[in-house]
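Numbering (our numbering), first residue to last: 8 to 411. Backbone N, C-alpha and C fix where the C-beta goes; we use that ideal spot for every residue, glycine too. Take a look at the structure below.
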């Protein structure tokens with residue numbers, strides 16, 4: 008109906024002539040199988056429904072065209088699953104699971120496969136059938152042996168259960184007999200108690216006196232602890248100048264006399280007793296909280312403070328003033344009182360958040376302090392802080408829970 012010029016004929020490209028296309032590739036695998044993966048198959052919209060894709064798949068199955076293959080696999084989209092099932096593919100998960108490790112997974116797709124027809128002779132098939140029969144016989148023999156073993160185990164357990172029931176019955180009868188004897192003894196004891204009421208009253212008075220005697224040192228220890236906590240409270244409030252409205256919710260004691268003696272022995276052995284040993288304040292961190300809650304010996308890793316980034320090193324930041332520890336405690340709102348042997352202290356003005364030890368010949372460093380917001384004015388300020396890197400130089404004494 009329409010004449011076509013020579014120029015129009017030459018303008019028809021290869022792309023205009025292609026009606027359908029398919030692509031495939033061979034996959035390497037350690038089992039020696041030749042796996043053929045169909046990566047793409049499709050037809051132009053204008054020519055769909057004419058069996059072009061079916062024809063391409065039929066050609067792809069021909070070993071004379073693509074070579075010998077053992078299995079043809081494809082990641083089929085959800086909407087293409089039914090079409091591949093009609094072409095002879097299977098989506099059995101157990102059968103296709105052996106191919107999943109060799110092909111990358113496609114999103115929203117189902118792994119399907121089809122195996123090539125065998126060209127084995129009758130004798131080869133008979134050999135395979137005989138091998139399969141022997142394998143099944145061996146599996147049956149193994150299962151039968153397992154069932155017989157389980158039966159013997161069940162019989163043994165039933166015998167043990169019977170013996171336990173007999174033992175329980177004997178012990179129950181023995182318990183009832185002992186209970187009767189106990190009731191008789193209690194009746195006789197009641198008669199003797201009625202006859203010796205005066206002796207019983209004397210015994211009660213003696214027990215009360217012993218109880219009071221045992222309570223006396225405990226009350227003395229409580230008095231000592233109360234005075235000790237009041238002293239810690241006054242010291243904390245005195246060293247928190249500039250913050251007038253501080254409420255102390257609780258004070259927990261962390262040490263005992265044995266730990267205090269061990270700390271003094273460490274300081275004496277290290278020669279740090281020639282330097283001042285004092286109580287200082289430290290803000291509570293999550294790692295330090297875990298270590299103190301577990302009651303274990305502190306390690307250098309417990310000094311890792313998230314507030315120490317871009318500061319003066321990874322160590323325990325201590326202050327003579329409680330307000331600095333409160334400002335750095337964050338949401339935990341807890342301050343730890345440490346007994347610290349500072350030793351020979353070096354003054355450091357340079358920020359180095361990777362510093363893990365002082366300079367040779369020194370035991371601690373003195374810094375201008377980390378910048379923090381004042382809980383009163385909200386203005387950024389700095390207070391001097393000492394940094395100790397060796398846990399053996401410290402002993403945690405108290406935890407103070409406070410808020411402004």
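In this model, residue 138 and residue 171 are separated by some 49 Å (Cα to Cα). 396 is the residue among 293, 396, 31, 45 whose C-alpha sits nearest the C-alpha of residue 320. Of the residues 398, 257, 48, 24, the one whose Cα lies closest to the Cα of residue 82 is 48. In this structure, the straight-line span from the alpha carbon of residue 291 to that of residue 285 is close to 19 Å. With respect to the C-alpha of residue 349, the residue from 362, 360, 399, 174 having the closest C-alpha is 399.
Looking at the DSSP output, residue 259 sits in a beta bridge with 406.
In terms of Cβ geometry, residue 311 and residue 294 form a close pair [threshold 8 Å].
For residue 393, the uninterrupted beta strand (DSSP E) segment begins and ends at 392-395.
The Cβ neighbour count for residue 322, taken over all protein chains shown within 10 Å, is at least 16; the residue is labelled buried.
Every unbroken stretch of the beta strand (DSSP E) spanning 3 or more residues and falling wholly within the region 77-146 is given here in chain order: 78-84, 116-122. Counted as a single uninterrupted DSSP element, the alpha helix (DSSP H) harbouring residue 335 occupies residues 329-335. Beta-bridge pairing by DSSP links residue 49 to 28. Under the DSSP definition of a beta bridge, residue 44 partners with 32, 80. Scanning its chain for C-beta atoms nearer than 7 Å, with the 5 sequence neighbours on each side dropped, one finds around residue 50 the residues 26, 27, 59, 60, in chain order. For residue 91, the CB contacts under 6 Å within the same chain, skipping 5 residues up- and downstream, are 83, 119 in chain order. In the DSSP assignment, residue 70 falls within the unbroken alpha helix (DSSP H) covering 70-73. In this structure residue 270 is buried. Its beta-carbon is surrounded by 16 or more other beta-carbon atoms within 10 angstroms. For residue 369, the closest alpha carbon among the candidates 353, 375, 410, 36 is that of 353. Per the coordinates, the alpha-carbon of residue 287 lies some 14 Å from the alpha-carbon of residue 376. Residue 342 is not a Cβ neighbour of residue 404, given a cutoff of 8 Å.
In this chain, the alpha helix (DSSP H) harbouring residue 270 covers 264-277. DSSP places residue 323 inside the beta strand (DSSP E), whose first and last residues are 323-325. By the C-beta density criterion, residue 394 is buried, having at least 16 other C-beta atoms within 10 angstroms. DSSP lists 347 as the bridge partner or partners of residue 285. Burial check for residue 111: the Cβ neighbour count within 10 Å stays below 16, so the residue is exposed. Taken through DSSP and simplified to helix, strand or coil, residue 307 comes out as helix. Ranked by Cα distance from residue 333, the first of 185, 201, 406 is 406. 79 is the residue among 86, 79, 113 whose C-alpha sits nearest the C-alpha of residue 97. Note on geometry: alpha-carbon atoms of residue 196 and residue 190 lie some 10 Å from one another. For residue 41, the CB contacts under 7 Å within the same chain, skipping 5 residues up- and downstream, are 33, 75, 76, 77 in chain order. Going by DSSP, residue 299 is part of the alpha helix (DSSP H) stretching over 293-301.
Annotation for residue 371: the continuous beta strand (DSSP E) segment containing it runs 371-374. For residue 143, there are no CB contacts under 6 Å within the same chain when 5 residues up- and downstream are skipped. Under the three-state reduction of DSSP output, residue 358 falls in the coil class, being neither helix nor strand. Pairing residue 336 with residue 327, the inter-Cα distance amounts to about 15 Å. Only buried fits residue 390, as 16 or more other CB atoms lie within 10 angstroms of its CB.
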